[in-house]
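A short worksheet on the structure shown next.
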Amino acid sequence: MKLYDLLNLVTVQLNSEREVAMSRGLDAPLEIAQARHLRTVGSLHLYSCDVPPGSTFLPDIPVTLLPGNDMEPTEGYLLGWQNGSLILQTFDHVGHTLNRCTLIPDTSGFLETGATRLADMASKPDSFTLGPAERLVPWLDPEPLSHQTAARDSIPTTVLTTIWGDTRQTRWTKLTTLIVDQVRKNKRILLVAPDHHTVDELTGAVAHALKMAALPYRSLLCRYELPLVKDAGGMLLQDFGFEAQMSHFFAKANAKKVSLRKKYDRFRELTPILAYKRDKQKDLNEVKLLEWRLLTQLSDWQGKVKNIDKTVRDYEALPIWTRMSMQVAGKNIETLAEYREIYQGKILGLMKEVEIAQTRIKELIPEATVPKNLRPEYDELKEEIKRLGGTKKIREMLAAGEGTNRQAFAQNKRIMTCTPGRILTDPLFRKVPFDLLVIDDAPRIPASLLLAATGTIRERIILSGDTSDLLPGEPGTKSSPGRWPQAFLETLLGPSPQPTSVG
Numbered sequence: 009m010k011l012y013d014l015l016n017l018v019t020v021q022l023n024s025e026r027e028v029a030m031s032r033g034l035d036a037p038l039e040i041a042q043a044r045h046l047r048t049v050g051s052l053h054l055y056s057c058d059v060p061p062g063s064t065f066l067p068d069i070p071v072t073l074l075p076g077n078d079m080e081p082t083e084g085y086l087l088g089w090q091n092g093s094l095i096l097q098t099f100d101h102v103g104h105t106l107n108r109c110t111l112i113p114d115t116s117g118f119l120e121t122g123a124t125r126l127a128d129m130a131s132k133p134d135s136f137t138l139g140p141a142e143r144l145v146p147w148l149d150p151e152p153l154s155h156q157t158a159a160r161d162s163i164p165t166t167v168l169t170t171i172w173g174d175t176r177q178t179r180w181t182k183l184t185t186l187i188v189d190q191v192r193k194n195k196r197i198l199l200v201a202p203d204h205h206t207v208d209e210l211t212g213a214v215a216h217a218l219k220m221a222a223l224p225y226r227s228l229l230c231r232y233e234l235p236l237v238k239d240a241g242g243m244l245l246q247d248f249g250f251e252a253q254m255s256h257f258f259a260k261a262n263a264k265k266v267s268l269r270k271k272y273d274r275f276r277e278l279t280p281i282l283a284y285k286r287d288k289q290k291d292l293n294e295v296k297l298l299e300w301r302l303l304t305q306l307s308d309w310q311g312k313v314k315n316i317d318k319t320v321r322d323y324e325a326l327p328i329w330t331r332m333s334m335q336v337a338g339k340n341i342e343t344l345a346e347y348r349e350i351y352q353g354k355i356l357g358l359m360k361e362v363e364i365a366q367t368r369i370k371e372l373i374p375e376a377t378v379p380k381n382l383r384p385e386y387d388e389l390k391e392e393i394k395r396l397g398g399t400k401k402i403r404e405m406l407a408a409g410e411g412t413n414r415q416a417f418a419q420n421k422r423i424m425t426c427t428p429g430r431i432l433t434d435p436l437f438r439k440v441p442f443d444l445l446v447i448d449d450a451p452r453i454p455a456s457l458l459l460a461a462t463g464t465i466r467e468r469i470i471l472s473g474d475t476s477d478l479l480p481g482e483p484g485t486k487s488s489p490g491r492w493p494q495a496f497l498e499t500l501l502g503p504s505p506q507p508t509s510v511g
């Protein structure tokens, strides 16, 4: 069987099991007696729900929580069981204690999303990295032939490596040593385990190994989604939560952007104000220039009136030749009064225009006056904007900082730990490639989840687990392990994990 055929086969199985899930009532609403808020990390919230005995759920399925207290419903994911209670991760805070709320699981939607993901892998192989995934076909083939069994035993260790052991401690010692070595080679690793409890413990073990190797474990390691416990392996898991790290990172990064946005907004606020002041100052200067011209003309006409008055007073004392020259110019004593009236009319007209100009000046002065502290503030902001590359560059920086880019943050992490159910349905894992896929307790994971996890792996797959978990009927030795179970619901609808206290 080829990978294409196996993907189509598993897709058909998921679709059929979706019908089984609907017939078994796995999507039926469930009344919850009480739900308690445990903690909040970033934009995610953890709730512990008391459900009736015998309730059955799949891990990592999407759910809708109806608070029942006139609040809007919220979406979330089921993380697992803890001390007999259901641990639920929600996107909204709906109170510290909820009584008589309703939980609506979407098991069929989960299986449908998984079937769509696997169908896309089969129909659009160019959108995925399926080279290493082909190495899993001999292990996952439901009906292996003898030559496939031989091919399985001869798989190159450079592409597919197996680490089998009867005890978890033995396997994890080898796994953590291998992971530390790959991190030093600058490889990006996706670390997967069947359930959130195992992922929490494995995250603590890897963090301790990185710390002992003197590596910056807090910046290298990331636990996707919220951990169920506070510490594991002597390490505080809250330091490695994806949401906590991303919230802290973007809060710190956005603090500078908030300051920059305030400066940019203030600059945009002051720019039209000062532009308006500048235009009014230009108008004021023009009106003042007009006033100066009017006053100059007024002064000239007033000077002419004074000359006429002086001439009239001194007319009798003027020499005869001066009187004759005045008569030639048409300025006899009789006409000087007429000239004086003309000049007075000019003066009155100019005085009205000067009065209008001065009134306009009084109106423009407060409009054109820049407050004392406004100009230095604007000059400082303008210099800062210029230093940062101009307003266009700042707009691009602010637009790039809107919201939280989960994909970019995930790509900066060297080790991502999560459950295969989250990989199956979360679109983030379709966009972020990894070099290595490390799967612990691999025989406990259905084939559909294993195949979905391999879709973005570029170089190598490492399988780890206990050989006693493999199906009988195939070689069961450590050198030739058996097959994986193919049934999805029968594999996941098992007993809940052992109770562990929630921090």
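Going by this note's numbering, the residue at position 233 of the sequence shown is 241; the numbering climbs one at a time, nothing skipped.
All C-beta atoms, glycine included, are put in the ideal place defined by N, C-alpha and C.
Source: prediction; values computed, not measured.
* Would you list the residues sitting across from M30 in a DSSP beta bridge? => On the sequence shown, residue 30 is found 22 positions in, with the first residue counted as 1. None; M30 has no bridge partner.
* Backbone CA spacing between G429 and I69 [nearest angstrom] -> Here residue 429 refers to the residue found at position 421 of the sequence shown. Here residue 69 refers to the residue found at position 61 of the sequence shown. Each residue's Cα considered, the two are about 8 Å apart.
* Asked: Do the segment 464 to 472 and the segment 216 to 233 make contact, defined as three or more Cβ pairs closer than 8 Å?
  -> no
* Asked: Taking DSSP as the reference, what is the three-state secondary structure of A325?
  -> The residue given as residue 325 occupies position 317 in the sequence shown. Coil.
* Please determine if the segment 128 to 137 and the segment 71 to 81 are in contact, where contact requires at least 3 C-beta pairs separated by less than 8 Å. => Fewer than three Cβ pairs drawn from the segment 128 to 137 and the segment 71 to 81 lie within less than 8 Å of each other, which leaves the two stretches out of contact.
* Is E233 helix, strand or coil when you go by DSSP? -> Translated into the one-based positions of the sequence shown, residue 233 becomes position 225. E233 falls in the coil class under three-state DSSP.
* Apart from the five residues on each side of it in sequence, which residues of its chain come closer than 8 Å, Cβ to Cβ, to L244? -> Numbered from 1 along the sequence shown, position 236 holds the residue referred to as residue 244. Same-chain partners within the cutoff: K238.
* Using the beta-carbon count (16 or more within 10 Å), is P37 buried or exposed? -> The residue given as residue 37 occupies position 29 in the sequence shown. So P37 counts as exposed.
* Measure the C-alpha to C-alpha separation of S31 and A127 and round it to an integer number of angstroms. => By one-based count along the sequence shown, residue 31 stands at place 23. By one-based count along the sequence shown, residue 127 stands at place 119. One C-alpha to the other measures close to 23 Å.
* Tell me whether M79 sits in a helix, a strand or coil according to DSSP, three-state version. => Translated into positions along the sequence shown, residue 79 becomes position 71. M79: coil per DSSP, three-state reduction.
* What residue from L326, A201, D287 and P327 has the CA that sits closest to T425's CA? -> For this step, residue 425 is matched to residue 417 along the sequence shown. For the residues L326, A201, D287 and P327, the minimum Cα distance to T425 belongs to A201.
* Can you give the Cα-Cα distance for Q177 and T184, rounded to whole angstroms? -> Counting from one through the sequence shown, the residue named residue 177 turns up at place 169. Counting from one through the sequence shown, the residue named residue 184 turns up at place 176. When rounded, the separation of the alpha-carbon atoms in Q177 and T184 is 10 Å.
* Asked: Among K265, D149 and L356, which one has its Cα closest to the Cα of K401?
  -> As a first step, residue 401 is located in the sequence shown; it is residue number 393 there, counting from the start. With distances taken between Cα atoms, K401 lies closest to K265.
* **S333 burial status per 10 Å Cβ neighbour count (16 or more: buried)** => Here residue 333 refers to the residue found at position 325 of the sequence shown. Per the 10 Å Cβ criterion, exposed.
* Would you say A365 and V320 are within 9 Å of each other, going by their C-beta atoms? -> Here residue 365 refers to the residue found at position 357 when the sequence shown is read from its first residue. Here residue 320 refers to the residue found at position 312 when the sequence shown is read from its first residue. For A365 and V320, no; Cβs fall outside 9 Å.
* What do you reckon, are the CB atoms on L17 and I95 nearer than 9 Å? -> Here the question's residue 17 lines up with position 9 in the sequence shown. Here the question's residue 95 lines up with position 87 in the sequence shown. No. Outside cutoff.
* To do: Verify whether the separation of the beta carbon atoms of Y386 and T279 is less than 9 Å.
  => Against the sequence shown, residue 386 aligns to sequence position 378. Against the sequence shown, residue 279 aligns to sequence position 271. Closer than 9 Å, so yes.
* Can you grab the Cα-Cα spacing for the pair K486 / N23, in whole Å? => As a first step, residue 486 must be located in the sequence shown, where it is residue number 478. As a first step, residue 23 must be located in the sequence shown, where it is residue number 15. Note that K486 scores a pLDDT of 38, beneath 50, so its modelled location is shaky and nothing firm can be said.
* **Reference A516, options A461, V313 and I171, closest by Cα** => Residue 516 is absent from the structure shown; the chain starts at 9 and stops at 511.
* Asked: Can you tell me whether DSSP reads L106 as helix, strand or coil?
  -> Within the sequence shown, residue 106 is the residue found at index 98, counting from 1. Strand.
* In three-state terms, what does DSSP make of I447? -> On the sequence shown, residue 447 is found 439 positions in, with the first residue counted as 1. It is a strand residue.
* Asked: Considering only residues of the same chain and omitting the five flanking positions on each side of L406, which have a CB-CB separation below 8 Å?
  -> Against the sequence shown, residue 406 aligns to sequence position 398. Excluding sequence neighbours, L406 sits near K265, L268, R269 and Y272.
* **Under the three-state DSSP convention, the category S63 falls into** => Looking up residue 63 in the sequence shown gives position 55. Looking at S63 - three-state DSSP - the assignment turns out to be coil, as it is neither helix nor strand.
* To do: Please determine, among S307, V362 and C230, the residue with the shortest C-alpha to C-alpha distance to N420.
  => For this step, residue 420 is matched to residue 412 along the sequence shown. Among S307, V362 and C230, the Cα nearest to that of N420 is on C230.
* Straight-line gap, C109 to K219 (C-alpha atoms, nearest Å) -> As a first step, residue 109 must be located in the sequence shown, where it is residue number 101. As a first step, residue 219 must be located in the sequence shown, where it is residue number 211. Their Cα atoms are separated by approximately 43 Å.
* Assigned secondary structure, P133 (DSSP; H/G/I helix, E/B strand, else coil) -> Here residue 133 refers to the residue found at position 125 of the sequence shown. In the structure shown, P133 falls within a helical segment according to DSSP collapsed to helix, strand and coil.
* To do: Check I69 in the structure and name its three-state DSSP category.
  => For the purposes of this step, residue 69 is taken as the residue at position 61 of the sequence shown. Reduced to three states, the DSSP call for I69 is coil.
* Could you give the distance in angstroms between the alpha-carbon of R26 and the alpha-carbon of G463? -> Working through the sequence shown from its first residue, we reach residue 26 at position 18. Working through the sequence shown from its first residue, we reach residue 463 at position 455. Approximately 22 Å between the Cα atoms of the pair.
* Through-space distance from A222 to P507, alpha-carbon basis -> Residue mapping note: residue 507 aligns to position 499 of the sequence shown, counting from 1. Residue mapping note: residue 222 aligns to position 214 of the sequence shown, counting from 1. At P507 the pLDDT is 39, less than 50, meaning the model places this residue with poor confidence; the figure from the coordinates comes in the next sentence. One C-alpha to the other measures close to 33 Å.
* Does the count of Cβ pairs from the segment 279 to 294 and the segment 450 to 468 closer than 8 Å reach three? -> no
* To do: Please look up how many angstroms separate the CB atoms of I355 and L306, rounded, as I've assumed it's under 8 Å.
  => On the sequence shown, residue 355 is found 347 positions in, with the first residue counted as 1. On the sequence shown, residue 306 is found 298 positions in, with the first residue counted as 1. The pair is a contact, with the Cβ atoms about 6 Å apart (cut-off 8 Å).
* **8 Å Cβ shell around L389 - same chain, five flanking residues per side excluded** => Position 381 of the sequence shown, counted from the first residue, corresponds to residue 389. For L389, where only same-chain residues beyond five positions count, the Cβ hits under 8 Å are K271, R274, F275 and L278.
* **8 Å contact criterion, which L199 and I423 should meet: CB distance rounded** => Translated into positions along the sequence shown, residue 199 becomes position 191. Translated into positions along the sequence shown, residue 423 becomes position 415. About 6 Å; that satisfies the 8 Å criterion.
* **Closest Cα partner of D287 within the set E349, R192, H204 and P374** => Here residue 287 refers to the residue found at position 279 of the sequence shown. The option with the nearest alpha carbon to D287 is P374.
* Asked: Helix, strand or coil: which one does DSSP assign to H53?
  -> Looking up residue 53 in the sequence shown gives position 45. It is a strand residue.
* Since T121 contacts T433 with CB under 8 Å, what's their CB separation in whole angstroms? -> On the sequence shown, residue 121 is found 113 positions in, with the first residue counted as 1. On the sequence shown, residue 433 is found 425 positions in, with the first residue counted as 1. Indeed they touch by this definition, with Cβ atoms about 5 Å apart.
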